[in-house]
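Visitor:
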Amino acid sequence: ETGVTQSPTHLIKTRGQQVTLRCSSQSGHNTVSWYQQALGQGPQFIFQYYREEENGRGNFPPRFSGLQFPNYSSELNVNALELDDSALYLCASSFPGQGYSPLHFGNGTRLTVT
Amino acid sequence: RKEVEQDPGPFNVPEGATVAFNCTYSNSASQSFFWYRQDCRKEPKLLMSVYSSGNEDGRFTAQLNRASQYISLLIRDSKLSDSATYLCVVNMNYGGSQGNLIFGKGTKLSVKP
């Protein structure tokens, strides 16, 4: 069984730029969630995608957007980057129909905005 | 009040010690509860789910008190490899795979020889 994979692992961008982060779901999983983890904090929910539609969103501005593809992989896009966007971005996939199925995370993308 | 609050830590303990982590949550409608472990600069990994009756996995024991909205994790006979940050996690949905997982800030544990 292939786990959740994310790319790239590290990224450095300049304030005002745009970034796209990618996530491949675990095999058989149809739901993808994205989290932001700032240094010294717990992860915070950005949004979740189910069958290519946004299915819940946390307290993040519209410049954070996402996509889910027919193969259930996903992208997180952030426009107009700000210094505070520097964080570890985590993706997790799941299959809610399997009942009690806690999230398992990918190894994350560490974004630095300068 | 934060949705999930944990002991601020850090905890520095010798090998073999017993250590307890405490966590409280604010929303009484929460349905599922977890402890995740996160090593430095790595992703969080599920340590164990927490059930109403309490549950044990080897040296780890988790307890849930819904009336007090309190969750705990006890580690017995701590090992050097237990050094990590422990995250208390609450979900409004049963099962933990839908919607918003709400994480505490985490408590860092360092186990020394």
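Read top to bottom, the protein sequences are chains P and H.
The working numbering applies: residue 1 is where the first sequence begins, and numbers increase by one.
The working numbering applies: residue 1001 is where the second sequence begins, and numbers increase by one.
Glycine included, each C-beta is placed from N, C-alpha and C at the ideal position.
1) Please compile the residues from chain H whose C-beta is within a distance smaller than 7 Å of the C-beta of residue 41 of chain P.
2) What is the rounded straight-line gap between the Cα of residue 1026 of chain H and the Cα of residue 1001 of chain H?
3) Report yes if the CB atom of residue 10 of chain P is closer than 8 Å to the CB atom of residue 93 of chain P, and no otherwise.
4) What residues of chain P sit near residue 1112 of chain H, judged by a beta carbon separation below 7 Å?
5) Who are the Cβ neighbours of residue 1089 of chain H in its own chain at under 6 Å, not counting the five residues just before and after it?
6) Report yes if the C-beta distance between residue 1092 of chain H and residue 1028 of chain H is below 8 Å; otherwise report no.
7) Are the CB atoms of residue 63 of chain P and residue 47 of chain P within a distance shorter than 8 Å?
8) When you compare the CB positions of residue 1071 of chain H and residue 1050 of chain H, do they come within less than 8 Å of one another, or not?
9) Can you have a look at residue 23 of chain P and say buried or exposed, based on whether 16 or more other CB atoms are within 10 angstroms of its CB?
10) Extract the residue ranges of the beta strand (DSSP E) inside the stretch 6 to 69 of chain P, only unbroken runs of 3 or more that lie entirely within it.
11) With distances taken between CB atoms, is the gap from residue 1010 of chain H to residue 1110 of chain H smaller than 8 Å?
12) According to DSSP, is residue 1068 of chain H helix, strand or coil?
13) CA-CA distance, residue 1054 of chain H and residue 1007 of chain H?
14) Can you say whether residue 1081 of chain H is buried or exposed, counting buried as having 16 or more other CB atoms within 10 angstroms of its CB?
15) What residue range is occupied by the uninterrupted beta strand (DSSP E) comprising residue 72 of chain P?
16) Could you check if residue 1040 of chain H is buried or exposed, using at least 16 other CB atoms within 10 Å of its CB as the buried criterion?
17) Step through the CB atoms of chain P and report whether any lies within less than 8 Å of the CB of residue 1043 of chain H.
18) Rounded to whole angstroms, what's the CA-CA distance from residue 45 of chain P to residue 36 of chain P? Just pull it up for me.
19) State the Cα-Cα distance for the pair residue 110 of chain P and residue 1073 of chain H, rounded to the nearest angstrom.
Guide: Taking the definition as stated:
1) 1105
2) 8 Å
3) no
4) In chain order: nothing, as chain P lies at least about 22 Å away.
5) 1034, 1036, 1101 and 1103
6) no
7) no
8) yes
9) buried
10) 10 to 13, 19 to 24, 31 to 37, 44 to 50, 53 to 57 and 64 to 68
11) yes
12) coil
13) 20 Å
14) exposed
15) Here residue 72 of chain P belongs to no beta strand (DSSP E), and DSSP marks it neither H nor E.
16) exposed
17) yes
18) 7 Å
19) 29 Å
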